[in-house]
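Here is the structure we will look at.
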Amino acid sequence: MNVDARSDLSLRQVTALNVEEVCDLSDTLTAEQQEMVADNARSLAVGFCSGSAWFRAVYAGGTPVGFVMTHTGYDWDDDIECPGVYLWRLMVARPYQGMGFGRRVVELVARDVLASGRTELFTSFGEGAGSPEAFYDRLGFVRTGDSYGDEPEVVLDVRRFLAAVDAAG
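Just so we're aligned: the sequence shown equals residues 1 to 169 in the UniProt record's numbering.
Listed below in structure tokens is the structure:
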């Protein structure tokens, strides 16, 4: 199936029918990216063990192209303590990077955050080769001054972000 930047993007439940495909997406990342993004199999295991995680496979048309996981920020047992929704995992498989899927996933998550009555989306990232810092900067995430371990925490004002997305059409 052809996948391009215009492909319909959807977030689908990870099931017994697609879990292997979702896990295999991690193998497409560069070595530097693999240092920055947890393996999807590990992320799924952590997600199933957390009462505060929500995760989905990212599909472009009928093709799995990534994985996303958020956290409500309420479960201190997961070492996540923030006053909003935390973007815990975001990965787009290497063959599909540069097509705008990462930004579109953040848009879908931001719309859910806003619908839940919240206005901020938090995340953190590793620094160095393969870092997604520039990606988050382009979307409008700003540093909070806090960190998770050695990763700087950033926050997105979802109202401002979605207003810009909607204005761009």
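Glycine is no exception: its CB is placed at the ideal position from the N, C-alpha and C atoms.
Model, not experiment: these values are computed from the prediction.
Return the first residue and the last residue of the beta strand (DSSP E) that residue i is part of.
i: residue 59; result: 53–60
i: residue 86; result: 85–92
i: residue 151; result: 151–157
What did DSSP end up calling residue i once you bin it into helix, strand or coil?
i: residue 146; result: strand
i: residue 103; result: helix
i: residue 120; result: strand
i: residue 131; result: coil
Do you know how far the Cα of residue j is from the Cα of residue i?
i: residue 94; j: residue 19; result: 18 Å
i: residue 34; j: residue 66; result: 14 Å
i: residue 26; j: residue 154; result: 24 Å
i: residue 147; j: residue 31; result: 24 Å
i: residue 158; j: residue 39; result: 27 Å
i: residue 96; j: residue 15; result: 22 Å
i: residue 7; j: residue 62; result: 9 Å
Which term fits residue i, buried or exposed, when burial requires 16 or more other beta carbons within 10 angstroms of its beta carbon?
i: residue 102; result: buried
i: residue 149; result: exposed
i: residue 142; result: exposed
i: residue 12; result: exposed
i: residue 110; result: buried
i: residue 55; result: buried
Under 7 Å, do residue i and residue j count as touching if we go by C-beta distance?
i: residue 69; j: residue 53; result: yes
i: residue 105; j: residue 60; result: no
i: residue 87; j: residue 121; result: yes
i: residue 126; j: residue 151; result: yes
Can you give me the start and stop residues for the alpha helix (DSSP H) that residue i sits inside?
i: residue 66; result: Careful: residue 66 lies outside any alpha helix (DSSP H), inside the beta strand (DSSP E) at 63–71.
i: residue 29; result: That residue, residue 29, is in no alpha helix (DSSP H); it is neither H nor E in DSSP.
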